[in-house]
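Enquirer: Here you go, one structure.
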Amino acid sequence: MQPATPFPSSGERPLDNAPPRTLLIKGALVLTMDPALGDIDQGDVLIEGNRIAQVGSALAAPEGAESIDGRGMILIPGLIDSHTHMWQVPLKGLGVGLWGTPDYQKHVFPLREKFAAVDMQDACFAAGTEMLDNGITTVLDFCHNTMTPAHAEQSIAAHRRTGQRVLFSYGMLGGFSTLAADHPWRLAQVRELAAELGRDSDSLVRLGLALGSLEYSGLDLVKTEIELGRALGLPMTFHQNPPAQIRQLGEAGLLGGDLLPVHANLAADDELEMLAACGAGISFTVEGEFGGGRAMNIIGRAHRAGVTPSLGIDIPSRVALDLFAQMRLTFQVMRAEEALAERITGRWPLARHPGTPHAEPRHMLEYVTVNAARAVGRGDELGRIVPGFLADLVLLSTGPYNMSLGDPAAHVAFQSTPADVDTVIVDGVVRKRGGRLTTLDRRDASQATQRVRERVLGMRSAA
Ligand SMILES: [Zn+2]
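Using this note's numbering, read the sequence shown as starting at 87 and increasing by one per residue.
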């Protein structure tokens with residue numbers, strides 16, 4: 087264990103943070119994702135400071151307000167990723183053709199032990215910059231690379247620089263040979279970080295807990311982690327890979343709406359009922375799961391059981407930082423599973439039998455806004471465009487080749503790509519405008535990735 091370095095003052099804002107101001111977005115097709123407000127054609131959204139002040143039509147601009155022309159664009163809540171390991175971004179492309187979890191755990195995961203704390207800072211900065219560029223305003227960073235206290239500190243320092251909203255989920259899974267021995271200092275650092283980050287209620291970076299995996303850490307360690315997380319009021323998440331773990335946690339009285347399982351491909355029906363009963367969701371990382379050969383009918387089953395799905399990119403070494411792609415793929419995977427189930431029961435050709443299909447295109451946008459906000463513990467102030475909510479917004483260009491016919495949410499889910507992300511606003515601050523980052527530089531992110539590759543992989547710089 088390395089000694090802890092001094093943690094930056096919790097009151098520090100990123101140096102490049104612009105001061106709060108009044109913004110008026112005018113004339114956009116606003117998808118509020120709110121049942122009462124619905125979609126507003128040629129809608130306006132007024133932002134005061136870091137909150138949405140008004141949503142409607144033909145709003146008057148207050149004196150001194152900056153106006154953003156939203157005509158020809160779709161305004162959506164900022165996209166929220168509920169499960170990504172941001173430290174892996176410099177490893178992009180590594181092991182894309184690996185087969186299943188064992189290959190990944192043999193060839194990619196062990197590289198974490200080669201990451202020094204400084205690599206964590208560069209990797210998280212590169213990840214946050216690219217995600218913001220791609221319209222992802224909030225992310226749950228499942229940091230299962232807190233090999234020393236400095237690893238966590240440097241990751242948080244990077245998140246504070248980007249201006250992205252981050253639930254930094256502190257990883258309790260350290261080196262496999264020293265799991266129990268290292269547990270006390272991790273728990274101690276979680277307490278310290280909770281106190282530091284908790285002092286600034288406006289901080290974009292909040293603390294969460296990424297529990298140790300039950301199959302490695304065992305129930306006793308995980309129970310200790312959950313009890314600490316509950317005492318500190320931290321949102322918690324965990325990888326749910328082998329079967330029956332949700333039942334195991336439920337029988338131990340540990341499940342709750344503050345506990346977000348990830349994957350859960352093998353969850354049984356009674357486990358889904360347990361999650362639904364406590365208001366929990368599941369984070370699905372469809373491209374990684376599907377590519378890894380996992381069972382995928384869980385998403386539809388969870389949806390039907392009332393367990394709110396949200397989506398994550400998960401493994402940036404293998405999957406692009408693109409939530410639009412996850413929406414598209416999730417929908418098609420669900421349709422494929424439903425069609426397979428119909429064929430198995432002999433109901434072919436497909437007809438709209440009661441209960442099928444159960445997911446529509448708009449659900450995909452809900453998964454990465456409304457549901458994902460709940461998944462990161464912010465369902466009461468993120469994920470919808472309503473007065474009082476935090477001003478995290480994305481303007482999507484629909485040109486030059488025209489809007490889709492039909493539901494505009496389907497245009498977002500099926501026809502949009504990161505190239506369409508025109509404007510990104512986080513906490514009332516414009517981070518991208520007219521397709522260009524305003525407070526970050528793509529070259530800085532690229533160079534940060536390059537530095538990690540030099541140090542971790544021994545690659546020589548192209549510069
Ligand atoms: Zn993961």
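All C-beta atoms, glycine included, are put in the ideal place defined by N, C-alpha and C.
Excluding sequence positions up to five away, which residues of its chain have a Cβ less than 6 Å from the Cβ of Ala203?
Expert: Here residue 203 is taken as the residue at index 117 of the sequence shown, counted from 1. Within the same chain, Ala203 has close Cβ partners Ala236, His237, Gln240.
Enquirer: If you draw a straight line from the alpha carbon of Leu145 to that of Gly124, how long is it in whole angstroms?
Expert: Sequence index remark: in the sequence shown, residue 145 carries index 59 (1-based). Sequence index remark: in the sequence shown, residue 124 carries index 38 (1-based). Each residue's Cα considered, the two are about 17 Å apart.
Enquirer: My output table needs one value for Ala391: the three-state DSSP class, helix, strand or coil.
Expert: Taking the sequence shown and counting its residues from 1, one reaches residue 391 at position 305. Correct three-state label for Ala391: helix.
Enquirer: Return yes when the Cβ of Thr170 is within less than 8 Å of the Cβ of Ile384, no when it is not.
Expert: Along the sequence shown, read from residue 1 onward, the residue named residue 384 stands at position 298. Along the sequence shown, read from residue 1 onward, the residue named residue 170 stands at position 84. It is not a contact, given that the beta carbons lie outside the stated cut-off.
Enquirer: Going by the CB atoms, is the gap between Leu165 and Val454 shorter than 8 Å?
Expert: As a position in the sequence shown, residue 454 is number 368, starting the count at 1. As a position in the sequence shown, residue 165 is number 79, starting the count at 1. A contact, by the Cβ cut-off of 8 Å.
Enquirer: In the DSSP assignment, find the unbroken alpha helix (DSSP H) run with Thr215 in it and report its ends.
Expert: As a working mapping, residue 215 is identified with position 129 in the sequence shown. Note, Thr215: alpha helix (DSSP H), 203-219.
Enquirer: Can you tell me which of Leu297, Val291, Leu290 puts its alpha carbon nearest to the alpha carbon of Asn231?
Expert: If you number the sequence shown from 1, residue 231 lands on position 145. Checked all of Leu297, Val291, Leu290; the closest Cα to Asn231 is Leu297.
Enquirer: Identify the residues that DSSP records as bridge partners of Gly131: which are they?
Expert: Counting from 1 along the sequence shown, the entry for residue 131 is found at position 45. Going by the sequence as given, residue 131 is Val instead of Gly. Ile111, Val141, per the DSSP bridge assignment.
Enquirer: Using only Cβ atoms and a threshold of 7 Å, which residues come within that distance of a heavy atom of ligand 1? Order them by chain position.
Expert: Any residue whose Cβ sits closer than 7 Å to a heavy atom of ligand 1 makes the list: His169, His171, Phe228, His325, Val348, Thr371, Asp400, Ile401.
Enquirer: Can you tell which of Phe262, Thr215, Thr223 has its C-alpha closest to the C-alpha of Arg247?
Expert: Here residue 247 refers to the residue found at position 161 of the sequence shown. Looking at the Cα atoms, Thr215 is the closest of the given residues.
Enquirer: Output needed for Pro504: all residues of its chain with C-beta closer than 6 Å, excluding positions within five of it in sequence on either side, in chain order.
Expert: As a first step, residue 504 must be located in the sequence shown, where it is residue number 418. So the list reads Asn220, Asp408, once near-sequence residues are dropped.
Enquirer: So which of Phe410, Glu375, Leu259 has the shortest CA-CA distance to His449?
Expert: Reading the sequence shown from its first residue, position 363 is the one you call residue 449. If we check each option's Cα against that of His449, Phe410 comes out closest.
Enquirer: What would DSSP say about Lys518, mapped onto helix, strand or coil?
Expert: Here the question's residue 518 lines up with position 432 in the sequence shown. If DSSP states are grouped into helix, strand and coil, Lys518 belongs with the strands.
Enquirer: Round the Cβ separation of Ala381 and Leu346 to the nearest angstrom and send it over; I've been treating them as touching at under 8 Å.
Expert: Position 295 of the sequence shown, counted from the first residue, corresponds to residue 381. Position 260 of the sequence shown, counted from the first residue, corresponds to residue 346. Contact doesn't hold; Cβ gap of about 19 Å is too wide.
Enquirer: Looking at the structure shown, is Pro321 part of a helix, part of a strand, or coil, going by DSSP?
Expert: Counting from 1 along the sequence shown, the entry for residue 321 is found at position 235. It is coil, neither helix nor strand.
Enquirer: How many Å lie between Glu134 and Arg464 at the Cα?
Expert: Walking along the sequence shown from the start, residue 134 turns up at place 48. Walking along the sequence shown from the start, residue 464 turns up at place 378. If I take the Cα positions, the gap works out to 20 Å.
Enquirer: Along the beta strand (DSSP E) that carries Val225, what are the first and last residues, could you check?
Expert: Counted from its first residue, the sequence shown places residue 225 at position 139. First-last of the beta strand (DSSP E) with Val225: 222-229.
Enquirer: Could you pull out every residue in the same chain whose Cβ sits closer than 8 Å to the Cβ of Ser532, ignoring the five residues on either side in sequence?
Expert: Taking the sequence shown and counting its residues from 1, one reaches residue 532 at position 446. Excluding positions up to five away in sequence, the list reads Ala212.
Enquirer: CB His389 to CB His444, shorter than 8 Å?
Expert: Counted from its first residue, the sequence shown places residue 389 at position 303. Counted from its first residue, the sequence shown places residue 444 at position 358. Yes. Within cutoff.
Enquirer: Exposed or buried, which one is Gly294 when buried takes at least 16 other CB atoms within 10 Å?
Expert: On the sequence shown, residue 294 is found 208 positions in, with the first residue counted as 1. So Gly294 counts as buried.
Enquirer: Nearest by alpha-carbon distance to Ala344: which of Ala362, Val507, Pro329, Ser490 is it?
Expert: Taking the sequence shown and counting its residues from 1, one reaches residue 344 at position 258. Residue identity differs from the one stated: residue 344 is Asp in this sequence, not Ala. Of Ala362, Val507, Pro329, Ser490, the residue nearest in Cα terms is Ala362.
Enquirer: On the CB-based measure, 16 or more other CB atoms within 10 Å of its CB, does Thr91 come out buried or exposed?
Expert: As a first step, residue 91 is located in the sequence shown; it is residue number 5 there, counting from the start. Since pLDDT at Thr91 reaches only 38, below the 50 mark, its modelled position is unreliable, and the value read off the structure follows with that caveat. Thr91 should be labelled exposed.
Enquirer: Taking the alpha helix (DSSP H) that Met258 belongs to, which residues open and close that run?
Expert: Position 172 of the sequence shown, counted from the start, is the residue given in the question as residue 258. No alpha helix (DSSP H) contains Met258, which DSSP labels as neither H nor E.
Enquirer: Run the CB neighbour count on Lys518, radius 10 Å, all protein chains shown included, and call it buried at 16 or more, exposed below.
Expert: Counting from 1 along the sequence shown, the entry for residue 518 is found at position 432. When all chains shown are included, Lys518 counts as buried.
Enquirer: Please name the residue, chosen from Arg137, Gln128, Thr323, Ser143, that lies closest to Gly474 on a Cα-to-Cα basis.
Expert: On the sequence shown, position 388 is the one that residue 474 refers to. The shortest Cα separation from Gly474 among Arg137, Gln128, Thr323, Ser143 belongs to Arg137.
Enquirer: Measure the Cβ-Cβ separation of Lys112 and Asp130 and say whether it is below 8 Å.
Expert: Mapped onto the sequence shown, residue 112 falls at position 26. Mapped onto the sequence shown, residue 130 falls at position 44. Against a cut-off of 8 Å, the Cβ pair of Asp130 and Lys112 comes out as a contact.
Enquirer: If you draw a straight line from the alpha carbon of Asp208 to that of Gly544, how long is it in whole angstroms?
Expert: In the sequence shown, counting from the first residue as 1, residue 208 sits at position 122. In the sequence shown, counting from the first residue as 1, residue 544 sits at position 458. Near 16 Å, if we compare the C-alpha coordinates of Gly544 and Asp208.
Enquirer: Could you tell me which uninterrupted alpha helix (DSSP H) segments, each at least 4 residues in length, are contained entirely in the segment 410-482, listed from first to last along the chain?
Expert: Those alpha helix (DSSP H) runs which fall completely within the segment 410-482 and span 4+ residues are 447-453, 456-461.
Enquirer: Relative to the C-alpha of Ala406, which candidate in Arg387, Gly374, Ile430, Arg429 has its C-alpha closest?
Expert: By 1-based counting over the sequence shown, the position of residue 406 is 320. Per the Cα distances, Gly374.
Enquirer: What residues in its chain sit with their C-beta under 7 Å from that of Ala147, if we drop five residues either side in the sequence?
Expert: The residue labelled residue 147 in the question sits at position 61 within the sequence shown. For Ala147, where only same-chain residues beyond five positions count, the Cβ hits under 7 Å are Leu110, Ser153.
Enquirer: In angstroms, rounded to a whole number, what distance separates the CA positions of Leu451 and Glu424?
Expert: For the purposes of this step, residue 451 is identified with residue 365 of the sequence shown, where counting begins at 1. For the purposes of this step, residue 424 is identified with residue 338 of the sequence shown, where counting begins at 1. Cα-Cα distance, rounded: 20 Å.
Enquirer: Rounded to whole angstroms, how far is the Cβ of Met119 from the Cβ of Gly469, which I believe are closer than 8 Å?
Expert: Looking up residue 119 in the sequence shown gives position 33. Looking up residue 469 in the sequence shown gives position 383. That pair is a contact at about 7 Å.
Enquirer: What would DSSP say about Ile154, mapped onto helix, strand or coil?
Expert: For the purposes of this step, residue 154 is taken as residue 68 along the sequence shown, with counting starting at 1. Note: Ile154 maps to strand in three-state DSSP.
Enquirer: Using the Cβ count rule (16 or more neighbours within 10 Å means buried), how would you classify Thr371?
Expert: Along the sequence shown, read from residue 1 onward, the residue named residue 371 stands at position 285. Label assigned to Thr371: buried.
Enquirer: Under the three-state reduction of DSSP, which class applies to His171: helix, strand or coil?
Expert: Counting from 1 along the sequence shown, the entry for residue 171 is found at position 85. It is coil, neither helix nor strand.
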